[in-house]
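*Asks:* Let me give you the structure first, and then I'll get to my questions.
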Amino acid sequence: MASDPSRNIHYDPLPLTGEEQHNALYNAPPSPDPHLTTFHTPDMRATDLGGSDLALPSGAATPRFLGAALYDDPTLRPRESFASSYHTGNSQPASEYNSSVYALNDPNERFQGGYRDDPHDTYYGGDPNAMPMSNVGQSRMLEEKRAVYAAPAAKSRKKIIILAALAGLILLALAIVIPLYFAVIRPRMNSSSDTDSASDKPSTTGKPNTPQNRIVTGGDGSVITMEDGTKFTYRNPFNGTWYYDPEDPFNNGAKAQSWTPALNETFNYGVDTIRGVNLGGWLVTEPFIAPALYEKYHSSSPVAIDEWTLSQNMRADTSGGGIGQLETHYKTFITEQNFAEIAGAGLNYVRIPIGYWAIETRGDEPFLAHTSWQYFLKAIQWARKYGIRINLDLHALPGSQNGWNHSGKLGTIGVLNGPMGYANAQRSLDMIRILAEFIAQPQYKDVVSMFGIINEPQAPVMGQNSLASFYLEAYNIVRNAGGGTGASNGNWISLHDGFLPRTQWVDVLPNADRVALDSHPYLCFGGQSDNPMSSYQNVPCTTWGGSVNTSMANFGLTVAGEFSNAVTDCGLWLNGVDLGTRYEGTYPGTNPSQAIGNCSEWTDWTQYDAATKTAIKNFALSSMDALQNYFFWTWKIGNSSVTGKVESPAWSYQLGLQEGWMPTDPREALGACGNASPWSPPLQSWQTGGAGAGNIPAAASSSYPWPPATLSNAGAVSLLPSYTPTAAVPTLPPPTFTAPSGSTATPTVNVGNGWNDPSDTASLMTDIQGCTYLDPWVNPSTPPPALCTVGAGGAPAAAPAITPPP
């Protein structure tokens, strides 16, 4: 209803004609004018979803990519489209092309040997059978000649003196030049070449007690041996260099590309462009990204539709590998080689989704606890090795921040909403605190340089004020863990727009220190069209470009945390397991007679012709140029176990590179929208940790107190279930390192203890003894229990249980 402000969900337009708008989708609206600052696209209602055949729990949020409309019943909230129209991007200055450093000397042509004319040597090259050199002033051939022939008549004394003088000068010159060459000239040539170019010849450590054949760095063409013994050739045409020394595992000397600052150099946000990709579906699984995991349990009861039900099925399937199948997925879906390929693709950042179960699980939560953290530690090591920075994305919170399958459990929204909304938020802030303390340690902060504290919270359900209160509390937690405000303290913080216009966040946290605003623009989840791919080339430019420029100027760093090449909702389980597609008229609530076409023309990438690939590439380039700082969703889509191939090709950067519809050099996107410099850097000083950073006015802070006074669908927070800080903190363990094989050195590596701020001694939020709590995923319409005050306050807070270093 127009009077319901929670229905003002915004969508990105499609280039439909008037006739197509009429015929595209049952009740589908016309594409809004992309020049409008706001627009509303009504979509299906919850009652159009059908009956219980969807197997959604009562009060559940609708699937990941459902549509725009919210339920008329305020207690039932469906999922809006993943899209938002308030996302744009940044271009890198053209001078970036001039910053590459190329080799001026071919290392293969350098003089590698030494001179072999020392008269004191008895043979060449150490060969005992070689002919020895004659002594200075003598000639072996001349002595043989004299033995046969009589001595010639004496020549003039003057000529002999002249010849002797010349010979002496030559010998003197050689005596000076040769040592000078080896002592000064040649080392300088080598040093200059090593500095000015990324040599493809690997380097050894040169350390005492270190095997001299152990390679610790290299460039394009060098061979990498992974921890399982598998080898691959590193390909990086952009003069990137990898670096990894097991005796110096925190060395940040690697460089992804010549134009990207090395990890031990300053990344100048707003000037240096974030060209990133997500590692979606890895440590938080999704059916459309890793379909083979879910296809195995497609006929089970319950059907695996999210990681919760997938974990339940795996735990019951002991003969098939049990819950350990998830670790097999972690081990194989993303490997070290992927990080090398990402650097070689010209990308410099990865966004890695992670679930709260990497830290802990409680009660009947079936998730595999702790294991994914071990693979995130591997990700840090691999990213460090190839010079790639990480945006840690907390993708799933206890109780779910959006009710979609990628939050761990498809169902209700339980953070800042409903009777458990406050308790779940308390627990979520603990998860943020534990992660923030770990990544703020000096060993990790230059690699994990950005922290997305919550993925896609449902602000229209929670209310912006409640979400802003949560953001401010989380901001203070992260800053305190990093040692306070200032350019050298802690990590950048990424705040999702909550599906609200970016302009609504400009004055919420004024002067916040190093905060980026994250939006996820997609075109594919509204009205559908059978227009050719070529017709979409300029849509990102006209839809997103202007609003990003405005946001970069008014808010600060503006990032597209997710976007893809999809312009239709075609793809196996893209909308959720067995939920069909709007394009084919099989999506819940659509009219089958209004189907647009067959999805195979979009998903069967084996049939793409050259023109189609060019059109997709042009769309990708326009998206990159318009969005400026971005993370493509996602690096990899796994093969279906049924068809044996990728079934959602518009979402795979890796497949696009292999098949030719993604740019091999993302800098090619510069100027794709017709303006090579749409926003003029730099960011304001306070936006990057400079003067005034962190000085949030008291008025702004008081506007967003924690906790907020009331919560959506719950009422007064003072009357809701809450936790008390009396439990030990499950501090995240650091990685372990071993000395390389053959080394006689005993490295002493400080891996940290997982807790950057020793003054933070608050304990973990947990149940108040004697109180009864509702299920964290309870239906938001459930009345809160009677207020429990038994044991309120609990025992005195204990110091965090710090995990000792190995």
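Residue numbers for the sequence shown follow the numbering used here, beginning at 487 and rising by one. Ideal Cβ placement from N, Cα and C applies to all residues, glycine included.
1) To the nearest angstrom, how far is the alpha carbon of V763 from that of Y780?
2) Which partner residues of R875 appear in the DSSP bridge assignment?
3) So what's D758 in DSSP terms, helix, strand or just coil?
4) Using CA atoms only, rank isn't needed, just tell me which of P1191, G832 and G1057 is closest to R875.
5) With a 10 Å radius around its C-beta and 16 neighbouring C-beta atoms as the bar for buried, classify F819 as buried or exposed.
6) Please work out which residues of its chain come closer than 6 Å, Cβ to Cβ, to A1186, disregarding the five sequence neighbours upstream and downstream, and give them in chain order.
7) Could you please give the first and the last residue of the uninterrupted beta strand (DSSP E) stretch that includes G938?
8) Around the C-beta of E923, are 16 or more other C-beta atoms found within 10 angstroms, so that it is buried, or is it exposed?
9) What residues are listed by DSSP as bridge partners for G810?
10) Three-state secondary structure (DSSP) at P777?
11) Could you check the C-alpha separation between W859 and V770 for me, to the nearest Å?
12) Going by Cα to Cα distance, which pick from P1269, D803, G889 and G969 is closest to S1245?
13) Give me the DSSP bridge partner(s) of A1251.
14) With A1179 and L1113 assumed to form a contact (beta carbons below 8 Å), what rounded beta-carbon distance in angstroms separates them?
15) How far does the alpha helix (DSSP H) with F825 in it extend, from its first residue to its last?
16) Does the beta-carbon of P1191 have 16 or more other beta-carbons within 10 angstroms, so that it is buried, or is it exposed?
17) Contact check, T1054 vs W1088 under 8 Å by CB: the rounded distance?
18) On a Cα-Cα basis, can you pick out the residue from Y1139, S1015 and E793 that is closest to K1122?
19) First and last residue of the alpha helix (DSSP H) that includes W1059?
20) Excluding the 5 residues preceding and the 5 following K1099 in the sequence, name in chain order all residues of the same chain whose CB lies nearer than 8 Å to its CB.
21) When DSSP labels each residue in this structure, what does Y729 get in the three-state scheme?
22) What did DSSP end up calling K741 once you bin it into helix, strand or coil?
23) Any idea what DSSP makes of D1004, helix, strand or coil?
24) Taking just the CA atoms, how far does V1001 sit from W978?
25) Looking at E793 and the ligand MG, is the gap between the Cβ and the nearest heavy atom below 7 Å?
26) Evaluate E713 with the Cβ neighbour count: other Cβ atoms within 10 Å of its Cβ, from every protein chain shown; 16 or more gives buried, anything less gives exposed.
27) In this structure, does DSSP put F862 in helix, strand or coil?
28) Could you say if the region 895-906 and the region 1200-1215 meet the contact criterion of at least three C-beta pairs nearer than 8 Å?
29) Which residues in the same chain have their Cβ closer than 7 Å to the Cβ of Y729, if we skip the five residues on either side of it in sequence?
30) List the whole-angstrom C-beta distance separating S980 from G938, where the pair is believed to meet the contact cut-off of C-beta under 8 Å.
31) For a test of the three-state rule: what should DSSP assign to Y1116, helix, strand or coil?
32) Tell me whether K717 is buried or exposed, calling it buried when 16 or more other Cβ atoms sit within 10 Å of its Cβ.
33) Please determine if the region 880-898 and the region 1245-1264 are in contact, where contact requires at least 3 C-beta pairs separated by less than 8 Å.
34) Short of 7 Å in beta carbon distance, which residues of its chain neighbour I1306, apart from the five on each side in sequence? Order them along the chain.
35) Leaving out the 5 sequence neighbours to the left and right, which residues in its chain are closer than 7 Å to L915 when beta-carbon positions are compared?
36) Please name the residue in V1034, G841 and N1125 whose C-alpha comes closest to that of I940.
*Replies:* To lay it out plainly:
1) 24 Å
2) Under DSSP, R875 forms a beta bridge with Y835.
3) strand
4) G832
5) buried
6) P996
7) V934 to G938
8) Buried.
9) According to DSSP, which records beta bridges pairwise, G810 is partnered with nothing at all.
10) helix
11) Counting only the Cα atoms, V770 lies some 11 Å from W859.
12) G969
13) At residue 1251 the sequence reads Met, which differs from the Ala that was named. DSSP lists P1211 as partners of M1251.
14) The Cβ separation is near 25 Å, so there is no contact.
15) E822 to G830
16) By the 16-neighbour rule on beta-carbons within 10 angstroms, P1191 is exposed.
17) 5 Å
18) Nearest C-alpha to K1122: Y1139.
19) Looking at the DSSP string, W1059 is not in any alpha helix (DSSP H), and its letter there is neither H nor E.
20) Here the set comprises E1145, G1146 and W1147.
21) strand
22) strand
23) strand
24) Spanning the two alpha carbons is a distance of roughly 6 Å.
25) Among the components of this structure there are no ligands whatsoever, and the ligand MG is therefore not found.
26) exposed
27) Residue state, collapsed to three classes: helix.
28) yes
29) Hits under 7 Å: V702, T703, N737, G739, A740 and K871.
30) 4 Å
31) Strand at Y1116.
32) exposed
33) Yes: at least three Cβ pairs fall under 8 Å.
34) With the chain covering only 487 through 1292, there is no way to say anything about residue 1306.
35) E959, A960 and I963
36) G841
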